[in-house]
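First up is the structure itself, then whatever we jot down about it.
Numbering (the numbering used here), first residue to last: 1146 to 1273.
As structure tokens, this is what we get:
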């Protein structure tokens, strides 16, 4: 897994967004975004334990996924993990996903499998 992490020490740095506050608004981060050759977008957010996406972060993910969905098939997965060590993101469990303007409960399947299902559903050639 570590061969794809270019700067492990930088990943551990805390990002302080407090200087970017605008009233009650604060920046949010997105754990992952994959653009598949101008054919589809996949976003994902990881939460520890049974955590969920709430408030402004949820609204930002909804709006971004829906806006991207206007031009290309797009989905956002919210996933849970219980690791305190490095996280194998392909194997985290999807708890819900945003697709075609609404949130859907997930069948608690690994993220990699859900991404493959989504790409097949939009006729993206896997391995292309």
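Ideal placement from N, C-alpha and C gives every residue a C-beta, glycine not left out.
For residue 1266, the enclosing alpha helix (DSSP H) starts and ends at 1256–1266. Between the C-alpha atoms of residue 1253 and residue 1162 there is a straight-line separation of about 32 Å.
Per DSSP, the unbroken beta strand (DSSP E) holding residue 1188 starts and ends at 1185–1193. The three-state reading of DSSP puts residue 1213 in helix, counting H, G and I together. Within the model, the alpha-carbon separation for residue 1205 versus residue 1250 is close to 19 Å. With respect to residue 1211, residue 1246 sits close: the two C-beta atoms are nearer than 8 Å.
Residue state for residue 1181 is assigned as strand, using DSSP reduced to three classes. Here residue 1243 is buried: its Cβ has 16 or more other Cβ atoms, across all protein chains shown, within 10 Å.
Burial check for residue 1271: the Cβ neighbour count within 10 Å stays below 16, so the residue is exposed.
Between residue 1186 and residue 1180, the C-beta gap is smaller than 8 Å, which places the two residues in contact.
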